[in-house]
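*Asks:*
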Amino acid sequence: MTDNVTTRQRQETEPEPEQSRPPTSSVRDTPAGVAPRWWVWLTAFPVAAIFALSNAATPLYVLWQRDIGFSQGMLTVIFALYIVGLIGSLLVCGVVSDRLGRKTVLFPALALALIACLMFATADSVLVLCTARLLTGIAVGAAVSAGMAAVTDVGGASRKRLAALLASTAMVLGAGLGPMLAGVLSELAPGPTVTVFAVEAGLLVLALLVVWRMPVSRPRSTGSGAWIRVPSVPKNDRLRLVLGIAVFAPGITATSFVLSLGPSLLASLLGSTNRMVAGGLAFVMFLIATAVQFAVQRMPVPRILQLGAVSTVLSMVAMAVAVFTNSVPPLALAALLAGCGQGMGQLGGLSLLNASVPGHRLAEANAGLNVGGYALAGTLPVLTGYLSDLVGLAAGTMTFGIVLVVLAGTGGVIVTATRDRVEPAPSR
């Protein structure tokens, strides 16, 4: 009788295949139903494609400011509307993804990203830019919840650490690829604010094909509770979530500042608005964020978080030196250190959650980590932008740096004080 009950329970909780994906021979031939390793890598591609759009507009704002006309404060508002869309998306997408499946969220997200590409390419007003940024944020919210959870699903129980690494690096690599393409294509190709979004649209179409064939399963149960809610984690995992946010939030806020006001600061130091320089700086920042995650992946997770906090603090110190000395090299160093801070904070947070949060809550947990990070990343640079309009870019930047040093330092202290209560995820 016990065996019958166990069998029935397993059948009731066993996920059924999503109807949109016919089984592939590569997945069928894999022992124990585990997807091939290459599928884990390929599943990260839609995350990278959506994140490429998230920052593709960064080097182009100087052109839109010239052609449309808006202040530094309005620039940060346009940038922050992306955060508004992202956080709003995270309030929904994590729960929907865990209940209805990853593809149910990813297909609409990619469609919205394609609409945003069209709006960016034809933008002739602040309203169009704001709407495009809002739609981009919604798509990114789906990517960081459903997309990253899909990578973990495909990786399976034996490759959770690899899945966290690939999901995290896909995010930062895509975020750096977008501005680099925009900077190069806007300088060398016709249509400086059009070509990059045509290329990005091509990447998104490829991502749609990947999602269609992605070997993920749809949960049989739709769960319980509200569909729209602040993302949360099981009680036993709350400390893990807090530790991730404590380091990830200051790190991503530092990179958000570089993306939103970095080109303006760079232009004031160089006396040039060359978009390849601004795009290249953003790309190198996120390239470092990608590389550092591969470099530290086998370290204990608390150590990764501690190093992330230190990197963010040093980034703001370098930013202050750049402002005081009116020098570009310290600004470049600040961007690289900011990339390290975000990369390690993100990897550490995702690794902690992947190690213990059950699969049916993982997308919501990823959403919770990103809500905590992007809430700060959306508010502090906007306040700095308007403060810079009042007191100057240098004074605004210094104020931003001081606040972020306090927050990142506090995050590092929290991780150090609680490291013995969190077991690092084992290396895979």
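Sequential numbering of the sequence shown, starting at -6, is according to the numbering used here. The beta carbon of each residue, even a glycine, is placed where N, CA and C say it ideally should be.
(1) Using the Cα positions of Tyr54 and Ala37, report the straight-line distance between them to the nearest angstrom.
(2) Output yes or no for whether 8 Å exceeds the beta carbon distance between Glu193 and Ala45.
(3) Contact between the stretch 344 to 352 and the stretch 323 to 333: three or more CB pairs below 8 Å?
(4) So the candidates are Arg414, Leu383, Ala356 and Val121; which of them puts its Cα closest to the Cα of Leu83?
(5) In the DSSP assignment, find the alpha helix (DSSP H) that holds Asn229 and state where it starts and stops.
(6) Alpha carbon to alpha carbon, how far is Gly338 from Leu397? Give it in angstroms, no decimals.
(7) If the criterion is Cβ atoms closer than 8 Å, does the pair Leu155 and Val33 meet it?
(8) What residues in its chain sit with their C-beta under 7 Å from that of Gly361, if we drop five residues either side in the sequence?
(9) Quick one: using the 10 Å Cβ neighbour count with 16 as the cut-off for buried, is Arg21 buried or exposed?
(10) Would you grab the beta carbon distance between Ser138 and Gly87 for me? Rounded to a whole angstrom, and I think it's under 8 Å.
(11) Going by the beta-carbon positions, is the gap between Leu74 and Leu127 smaller than 8 Å?
(12) May I ask which residues mark the beginning and end of the alpha helix (DSSP H) holding Gly167?
(13) Put Asp117 into one of helix, strand or coil per three-state DSSP.
(14) Please state if the CB of Ala41 and the CB of Val147 are separated by a distance shorter than 8 Å.
(15) Would the stretch 374 to 383 count as touching the stretch 312 to 324 if we require 3 or more Cβ pairs under 8 Å?
(16) On the CB-based measure, 16 or more other CB atoms within 10 Å of its CB, does Gly184 come out buried or exposed?
(17) At the level of alpha carbons, what is the spacing between Pro419 and Gly149?
*Replies:* Well, looking at it:
(1) 28 Å
(2) yes
(3) no
(4) The candidate whose alpha carbon is nearest that of Leu83 is Ala356.
(5) No alpha helix (DSSP H) contains Asn229, which DSSP labels as neither H nor E.
(6) 14 Å
(7) yes
(8) Pro224, Ser225, Val226 and Leu234
(9) Unreliable positioning characterises Arg21 in this predicted model, as indicated by a pLDDT of 34, which lies under 50. A coordinate reading is not provided.
(10) 4 Å
(11) yes
(12) Residue range Lys153 to Leu181 is occupied by the alpha helix (DSSP H) that includes Gly167.
(13) coil
(14) no
(15) In short, these stretches do not touch, since the Cβ pair count stays below three.
(16) exposed
(17) Summary for Pro419: the model assigns pLDDT 44, below 50, so the residue's position carries little reliability, and this model does not support an answer.
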